[in-house]
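Worksheet: the structure to be examined is printed underneath.
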Amino acid sequence: MGSSAPIQLSANEKRLCDIIASRSSKLFDELKQHVETCTGPTADGNTDGLDWTRSHFVSRLEKLGATTTLTPGDDRPDWLLSSKKSVAAALPPTAVCARLKPDMKRVLIAGHLDTVHADTSPFKALTVSADGTTATGPGCVDMKGGLVIAMNALEALDEAGISASWSFLMNSDEETGSYCSARVLESAARSHDFGLALEPALPGGKLAVERMGSGQFYIETHGRSAHVGRDFASGVSAVTALAKTLVQIDDIADAETGRIISVGPIEGGTATNAVPERARAWGNARYATQEIADEIGAKLDALATSTDAMPSVMVKRSFVRPPKPLIPATESLALTAREVAEHLGQSLPFTSTGGVCDGNNLQAAGLPTIDTLGVRGGGLHTNEEWIELASLVERCQLLAVLIHRLSVS
Numbered sequence: 018m019g020s021s022a023p024i025q026l027s028a029n030e031k032r033l034c035d036i037i038a039s040r041s042s043k044l045f046d047e048l049k050q051h052v053e054t055c056t057g058p059t060a061d062g063n064t065d066g067l068d069w070t071r072s073h074f075v076s077r078l079e080k081l082g083a084t085t086t087l088t089p090g091d092d093r094p095d096w097l098l099s100s101k102k103s104v105a106a107a108l109p110p111t112a113v114c115a116r117l118k119p120d121m122k123r124v125l126i127a128g129h130l131d132t133v134h135a136d137t138s139p140f141k142a143l144t145v146s147a148d149g150t151t152a153t154g155p156g157c158v159d160m161k162g163g164l165v166i167a168m169n170a171l172e173a174l175d176e177a178g179i180s181a182s183w184s185f186l187m188n189s190d191e192e193t194g195s196y197c198s199a200r201v202l203e204s205a206a207r208s209h210d211f212g213l214a215l216e217p218a219l220p221g222g223k224l225a226v227e228r229m230g231s232g233q234f235y236i237e238t239h240g241r242s243a244h245v246g247r248d249f250a251s252g253v254s255a256v257t258a259l260a261k262t263l264v265q266i267d268d269i270a271d272a273e274t275g276r277i278i279s280v281g282p283i284e285g286g287t288a289t290n291a292v293p294e295r296a297r298a299w300g301n302a303r304y305a306t307q308e309i310a311d312e313i314g315a316k317l318d319a320l321a322t323s324t325d326a327m328p329s330v331m332v333k334r335s336f337v338r339p340p341k342p343l344i345p346a347t348e349s350l351a352l353t354a355r356e357v358a359e360h361l362g363q364s365l366p367f368t369s370t371g372g373v374c375d376g377n378n379l380q381a382a383g384l385p386t387i388d389t390l391g392v393r394g395g396g397l398h399t400n401e402e403w404i405e406l407a408s409l410v411e412r413c414q415l416l417a418v419l420i421h422r423l424s425v426s
């Protein structure tokens, strides 16, 4: 939308939307700049792009009067697959830039700077389609587009002279579980009234109002090595032990009742003529409720044996993404967002998803949160990731008006 805003908007909100519409070229240019700045996986230790991006946004937010708190990252479990690449991987800090007002509600905006696209990937540029309606590029929707619209929404609010009370939290490890930033997410959640996370919209522009939880686990088995031809009977295969354990894990899963388990990758053995002494596997569990999470966790724990057993089974797990059910406070927040969308001439259908994000953690810490307020697009985590370019202005307008209305609610 441009200057012809529906009548349900106030005069101030119409002016705000006009300011954002005038930023259309700026929004695209900023998206291109950020997409072509690699902020790939933190576990790879590539932090230059992350550091630059963080500093860039912090500088702009401080020009709006925000005060910045930078918290060093906490450690992550060393058995995680993301930690396997580099035990000495950087522990990125989390920035919280706050411009809160004592007489207004406090809105927490949450975005992650990291993407899954490595610096070595050939997928590096923002490329516009022939018809000019979409573009592809690493992280364009997940979530560089979301970061760009949030920054511009706050600047437009300031330019329009419209009151708002907000904090902008930017972490750098969401794609690997937010282990480094979990403490900051929890603390920020407890000091705000509403949470808005910038994950991309689901297909059809849908807003996720309910999410499953997610946990990681690791299975390691130990046996006894022996020569396959000369002394097979003396060997105990760790691979066989792992295979039997994974069959038991598969029996835990039941997608229809909210129990999803996926295993992979798997490693084991060193040579075909040696009985494998060690094998291991990584896995992911998704659960619809906390009760199911506890049940899956208990069944995984029960697979472990004593260390002197032959073969032995070791189990490690970390269930750090709690389920995000549709609670009344979040439903009310989602309905407010839908009302804003309708006043802007947009639609905002609701849905649920098995995907997880920082919104899970924020709501689990007590903050009503909606978390697919970013741009529209698709192909997340692939070399076909794409953005619907019109959504830069449209979702920026939605976010800006919503932040204002929540602040004065």
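Under my numbering, residues 18 to 426 are what the sequence shown spells out, in order.
No residue lacks a Cβ here, since even glycine has one placed at the ideal position from N, Cα and C.
Since we're looking at a predicted model, the values are computed, not measured.
Look up K141 in the DSSP assignment and say whether it is helix, strand or coil. Within the sequence shown, numbered from 1, the residue matching residue 141 stands at position 124. Note: K141 maps to coil in three-state DSSP.
I need the DSSP call for D271, collapsed to helix, strand or coil. The residue given as residue 271 occupies position 254 in the sequence shown. Strand.
Roughly how many angstroms separate the alpha carbons of M160 and D46, rounded to a whole number? What you label residue 160 is simply residue 143 of the sequence shown in a count that begins at 1. What you label residue 46 is simply residue 29 of the sequence shown in a count that begins at 1. Spanning the two alpha carbons is a distance of roughly 16 Å.
Apply the 10 Å Cβ neighbour rule to E172 and answer buried if 16 or more other Cβ atoms are within range, or exposed otherwise. Taking the first residue of the sequence shown as position 1, residue 172 is located at position 155. With 16 or more other Cβ atoms from the protein chains shown falling within 10 Å of its own Cβ, E172 counts as buried.
With a 10 Å radius around its C-beta and 16 neighbouring C-beta atoms as the bar for buried, classify F249 as buried or exposed. As a position in the sequence shown, residue 249 is number 232, starting the count at 1. Classification for F249: exposed.
From the DSSP output, which residues share a beta bridge with R297? Against the sequence shown, residue 297 aligns to sequence position 280. Among the bridge pairs identified by DSSP, R297 is matched with E237, E284.
Figure out for me which residue from E191, V158, E30 has the closest Cα to the Cα of E176. The residue given as residue 176 occupies position 159 in the sequence shown. Residue E30 is the option with its Cα nearest to E176.
Buried or exposed: R247, going by 16 or more other Cβ atoms within 10 Å of its Cβ? As a position in the sequence shown, residue 247 is number 230, starting the count at 1. The Cβ neighbour count for R247, taken over all protein chains shown within 10 Å, is under 16; the residue is labelled exposed.
By how many angstroms is the C-alpha of A243 removed from the C-alpha of T88? Translated into positions along the sequence shown, residue 88 becomes position 71. Translated into positions along the sequence shown, residue 243 becomes position 226. Those two C-alpha atoms are separated by around 50 Å.
Please confirm whether L224 and I387 have their CB atoms less than 8 Å apart. Your numbering for residue 224 matches position 207 in the sequence shown. Your numbering for residue 387 matches position 370 in the sequence shown. Cβ distance < 8 Å, so L224 and I387 count as in contact.
Check V392 in the structure and name its three-state DSSP category. Against the sequence shown, residue 392 aligns to sequence position 375. V392 carries a coil assignment under DSSP once its states are collapsed to helix, strand and coil.
Output yes or no for whether 8 Å exceeds the beta carbon distance between K333 and F234. Here residue 333 corresponds to residue number 316 of the sequence shown, with the count starting at 1. Here residue 234 corresponds to residue number 217 of the sequence shown, with the count starting at 1. Result yes, Cβ atoms of K333 and F234 sit closer than 8 Å.
Which one or two residues does DSSP pair with A302 in a beta bridge? Here residue 302 refers to the residue found at position 285 of the sequence shown. In DSSP, A302 forms a bridge with G232, I278.
Can S335 and P110 be called in contact, C-beta distance under 8 Å? For the purposes of this step, residue 335 is taken as the residue at position 318 of the sequence shown. For the purposes of this step, residue 110 is taken as the residue at position 93 of the sequence shown. Between S335 and P110, the gap from beta carbon to beta carbon reaches 8 Å or more.
So L125 is in the beta strand (DSSP E); what residue range does that whole segment cover? Locating residue 125 in the sequence shown gives position 108, where the first residue counts as 1. Looking at the DSSP string, the run of the beta strand (DSSP E) that includes L125 is 124-129.
Is DSSP giving R412 helix, strand or coil here? Taking the first residue of the sequence shown as 1, we reach residue 412 at position 395. R412 falls in the helix class under three-state DSSP.
In the structure shown, what three-state DSSP assignment does V226 receive? Translated into positions along the sequence shown, residue 226 becomes position 209. Of the three classes helix, strand and coil, the one that applies to V226 here is strand, per DSSP.
Three-state secondary structure (DSSP) of N482: Residue 482 lies beyond the residue range present for the chain, which begins at 18 and ends at 426; the question has no answer from this structure.
Note down, one range per segment and in chain order, each alpha helix (DSSP H) of at least 4 residues found wholly within the stretch 290-365. Runs of alpha helix (DSSP H) with 4 or more residues, each lying fully within the stretch 290-365, are found at 307-318, 345-360, listed in chain order.
Evaluate L352 with the Cβ neighbour count: other Cβ atoms within 10 Å of its Cβ, from every protein chain shown; 16 or more gives buried, anything less gives exposed. Stepping through the sequence shown from its first residue, residue 352 is reached at position 335. It counts as exposed.
Leaving out five residues before and five after G281 in sequence, what residues of the same chain have Cβ atoms less than 8 Å from its Cβ? Numbered from 1 along the sequence shown, position 264 holds the residue referred to as residue 281. Closer than 8 Å at the Cβ level, and outside the excluded window around G281, lie A298, W299, G300.
At which residue ranges does the stretch 20-65 contain complete alpha helix (DSSP H) runs of 4 or more residues, listed in the order of the chain? Listed in chain order, the complete alpha helix (DSSP H) runs (minimum 4 residues) inside the stretch 20-65 are 28-38, 41-52.
Mapping the DSSP letters down to three states, classify V253 as helix, strand or coil. If you number the sequence shown from 1, residue 253 lands on position 236. Note: V253 maps to strand in three-state DSSP.
Tell me whether L78 sits in a helix, a strand or coil according to DSSP, three-state version. Residue mapping note: residue 78 aligns to position 61 of the sequence shown, counting from 1. Residue state, collapsed to three classes: helix.
Residues bridged to C157 (per DSSP): Here the question's residue 157 lines up with position 140 in the sequence shown. Per DSSP, none; premise fails for C157.
Kindly confirm or deny that the stretch 338-349 and the stretch 372-389 touch, where touching means at least three C-beta pairs closer than 8 Å. Three or more Cβ pairs drawn from the stretch 338-349 and the stretch 372-389 lie within less than 8 Å of each other, which places the two stretches in contact.
Who are the Cβ neighbours of Q25 in its own chain at under 7 Å, not counting the five residues just before and after it? Locating residue 25 in the sequence shown gives position 8, where the first residue counts as 1. Closer than 7 Å at Cβ, skipping near neighbours: H360.
When DSSP labels each residue in this structure, what does A105 get in the three-state scheme? Working through the sequence shown from its first residue, we reach residue 105 at position 88. With a pLDDT of 45 at A105, under the threshold of 50, the modelled position of that residue is not reliable, and the figure given next carries that caveat. Looking at A105 - three-state DSSP - the assignment turns out to be coil, as it is neither helix nor strand.
Within this structure, are the beta carbons of V116 and A83 separated by less than 8 Å? Along the sequence shown, read from residue 1 onward, the residue named residue 116 stands at position 99. Along the sequence shown, read from residue 1 onward, the residue named residue 83 stands at position 66. This sequence places Arg at residue 116; Val is not what is there. In contact: R116 and A83 (Cβ atoms closer than 8 Å).
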